[in-house]
Each structure stands twice: as C-alpha cells, then as structure tokens.
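Step one of this worksheet: look at the structure below.
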Amino acid sequence: MPPVFGQGVIRVSSLTRWLSLAVVLLLAAPGAARAQEGYASDAPVLPPDTASLRTEPQAPLTQDEPLPHPATAVPQSEDGAILDGRVRYGAFLSGPGSLTFIMHHSIMGALGGFFVQGIGKSFSFERSSREAMLAGTLIGAGLGFGASAWWQFHNWVDKPMSYFGIANSAIGGMFAAGFMDMLTRDQSLLTWSALIGAELGAWLTAGLGGGQLPLDDGLLIASGGGWGLIYGALLLAIVHFSGSKIEGKTWVDSLLIAPGIGATALALATMKYNPTPSQIMRANLFGAGVGAVVLALSALVLGGFDQPTPYVLSFLGSAGAITTVSLLWEEAAERPNMALSGSRRSKAYRCVWW
Numbered sequence: 001m002p003p004v005f006g007q008g009v010i011r012v013s014s015l016t017r018w019l020s021l022a023v024v025l026l027l028a029a030p031g032a033a034r035a036q037e038g039y040a041s042d043a044p045v046l047p048p049d050t051a052s053l054r055t056e057p058q059a060p061l062t063q064d065e066p067l068p069h070p071a072t073a074v075p076q077s078e079d080g081a082i083l084d085g086r087v088r089y090g091a092f093l094s095g096p097g098s099l100t101f102i103m104h105h106s107i108m109g110a111l112g113g114f115f116v117q118g119i120g121k122s123f124s125f126e127r128s129s130r131e132a133m134l135a136g137t138l139i140g141a142g143l144g145f146g147a148s149a150w151w152q153f154h155n156w157v158d159k160p161m162s163y164f165g166i167a168n169s170a171i172g173g174m175f176a177a178g179f180m181d182m183l184t185r186d187q188s189l190l191t192w193s194a195l196i197g198a199e200l201g202a203w204l205t206a207g208l209g210g211g212q213l214p215l216d217d218g219l220l221i222a223s224g225g226g227w228g229l230i231y232g233a234l235l236l237a238i239v240h241f242s243g244s245k246i247e248g249k250t251w252v253d254s255l256l257i258a259p260g261i262g263a264t265a266l267a268l269a270t271m272k273y274n275p276t277p278s279q280i281m282r283a284n285l286f287g288a289g290v291g292a293v294v295l296a297l298s299a300l301v302l303g304g305f306d307q308p309t310p311y312v313l314s315f316l317g318s319a320g321a322i323t324t325v326s327l328l329w330e331e332a333a334e335r336p337n338m339a340l341s342g343s344r345r346s347k348a349y350r351c352v353w354w
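Number 158 in UniProt numbering belongs to position 158 of the sequence shown; there are no gaps in the numbering.
Quick look at the structure:
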C-alpha cells in the first residue's frame, strides 16, 4: 500500500487538471464566438440597389411660374383646345367675348335687313312689303350669325374687342351715312351706306385690332369718337353764333362725320403712343368736367348761350385740361420709389406721350 503522502499528491494532480481544463474552456469561448463572426462576415452579401440611392436633377422652382396642380393642369392638345395662345372658352365659343360678338353681328344684320327692305317699301303693310321686311330680317340675321360664328371659331375673342366693336360699328355707320347724305338724299342708298359703314367699323375692329384688342387701344379709339362729336358740336356752335348761320342738314351731316374723324385720328395715334386706361379715363373726366363748367359759367356770366364766347372758352378749357393731365400727371408718384437717388440728376418722370 503506497504511502499517504503519495496519495495526496495524486489527488492534487487530478484536481489541478480539471481546473486547468475549465480555464481553457472559458478562455476558448470568446475566441470561438469571434471565429463564428468571422465565418459569417466572409459570406457573400448582395450589393445594394443603387437606383434607389440615385437622384435625378429637378427643374428649378421660380416664383413667377408655380408648378401646376395635376388636377388643374391645362392639357396642351393640338385639336383646337388652345387658340391664339389662349384656352378656348367652349366647344363652340372661342373666348369670353364670343357670345357678345355673335349677338352684335346677328342683331346688326337683322336690323340692317329690316330697315333696308322697310325703307325701300316705305314701311307699307301690304303682304309683299311685310314679306320683304321679314325676309330681309331673317337673311341679315343669318348672314351676321354665320360670319361672326365662323370668325370667332377660328380667332380667340376677348371682351374688349367685342364691346368696342359695337362702339366702332356705330361710329362707322354714322360716318358713312353722314358722308353719303352730302351727296344724295335717296333714303334707300343712305340706309345701305349706314349698314355697310356699321359692318366695316365692326370688322375693321376685329381684323385690325384682333381678338386680343388691348383695352387701352379700344378705349382710346372710342374716346376719339366721343371727343370728335363734342368738339365738332362746339366748332359748329362757334361758327353759327358768330354770324354764319348753319342749316340743319349741315349740322346733322357734320355731327355724323365728326366721330369717325376723331376715332380714326386716335386709331392712328395708337401706333405710336400707349397710354394706360387710367390715363385715358382721367383725361376724359377732366376734359368733360372742365369744359362743362366753363361753358355753363361763361354763359351765366355773359348772359346766354347765343354767343360764340362760351363755346370758345369751353373748347379751350377742355383741350387744356386733357393736355395738362395727360402730360403732367405722373402715376409713379403714387408709388414712390425706395431706391436711393444717385448723385447725377435724372429726369423727373417719363411719359408715354414722348
């Protein structure tokens, strides 16, 4: 039997081996975990989708042109939806002034046909006369409707053109009737002349002014017709009360022709000058107001309207008022410029008349 000391040594050696094995296992566990991670990292990985990371260049945003909403965007089609750069007003009407344009020409044609046939038949109530007036009315309305409908279908019509076309139609009819009345007294010929002049006034407005006739041009031409009538009446009154008596026919013919002359003169002026509608209305109001006040005050002070002086003063007063407010009224002064003034003196203001 071995000694006791030897057995103790053997027991200690076994315990040491078991402890050493446990220590080795504890130390090897982290290494195995790291090795497992290493094996996992060596596995092939699918490359990321670069299309989802790529960005496309976008158009820059501007303040003046906001992006249209998809639900309200205007379709740019080639089937007639866009006419003269504007969106059509409907399947039959081309613009907001199309209905007025068609009604104007239809009614004008109907009235022209009625009066042409009525005057030619002396407005007799016989069956043949009534048939002629009815036929003239229907034919005139049909021709006016057809021509105006065709024109507005191929040309965009805005409201200024349709409204000022009515005014220019009246001016053209008055001018043609007054001019022809100086040559003949045939009532049928005078009626045809008035109808042709009215049609020319309307179609010249549509053809030369276009469907997009600017408001300022139409207002300036109409104002020229009105001032032609006013100044024509003042000149006739000056001549009449100066001792040269003017007959009634001369009064009528002159007053019928005067608006056409004024409108033509300012129609030519639109080729060079471009006043704003507010300038035109301001000049009209000042001219009419000053002229009326001077005429009434002069007649009151001088003792009546049967003398030329009130008409002369009214003519000069209204013309001076129009000229003054047209040249010296500076609209920019109502919105003062905040920019710093330079050392060099500049012009006080800039006017559209020069």
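Every residue gets a Cβ at the ideal spot worked out from N, C-alpha and C, and that includes glycine.
Nearest Cα to glutamine 212 within the set Ser193, Gly165, Leu229 and Phe315: Gly165.
Out of Gly226, Leu255, Gly291 and Asp253, the CA that lies nearest to the CA of leucine 266 is found in Gly226. Per DSSP, arginine 88 has no beta-bridge partner at all.
The Cβ-Cβ distance between alanine 177 and leucine 190 falls below 8 Å. Nearest Cα to lysine 249 within the set Gln117, Ser298, Leu183 and Ala194: Leu183. Between alanine 283 and isoleucine 230, the C-beta gap is not smaller than 8 Å, which leaves the two residues out of contact. About 5 Å separates the beta carbons of glycine 140 and glycine 112, which is inside the 8 Å limit, making them a contact pair. Leaving aside the five residues that flank valine 294 on each side, the residues in its chain whose CB is nearer than 7 Å to its CB run, in chain order, Leu313, Ser314 and Gly317. Setting aside the 5 residues that flank it on each side, arginine 86 is surrounded in the same chain by Trp156, each with a C-beta closer than 6 Å to its C-beta; the list follows chain order. In this structure, DSSP gives isoleucine 139 a helical state, which the three-state scheme calls helix.
In the DSSP assignment, the residues bridged to leucine 83 are Arg86. Residue environment analysis places serine 242 among the exposed positions, since fewer than 16 neighbouring C-beta atoms fall within 10 angstroms of its C-beta. Glutamate 126 has its alpha-carbon roughly 34 Å from the corresponding atom of glycine 201.
Residue environment for valine 301: exposed (fewer than 16 other C-beta atoms within 10 angstroms of its C-beta).
Distance between serine 98 and glutamine 152, taken at the CA atoms: about 6 Å. Per the coordinates, the alpha-carbon of tryptophan 192 lies some 7 Å from the alpha-carbon of valine 116. Nearest in C-alpha terms to phenylalanine 123, of all of Ser188, Ala258, His240 and Thr100, is Ser188. In the displayed model, valine 157 falls within coil according to three-state DSSP, outside both helix and strand. For arginine 282, the enclosing alpha helix (DSSP H) starts and ends at 277–302. DSSP, read as helix, strand or coil, puts aspartate 186 in coil.
Note on geometry: alpha-carbon atoms of leucine 297 and glycine 289 lie some 12 Å from one another.
Alanine 237 and glutamate 131 have their C-alpha atoms roughly 45 Å apart. Less than 8 Å separates the beta-carbon of serine 106 from that of phenylalanine 145. Going by DSSP, glycine 226 is part of the alpha helix (DSSP H) stretching over 215–240. In the DSSP annotation of this structure, glutamine 307 is not part of any alpha helix (DSSP H), being labelled neither H nor E.
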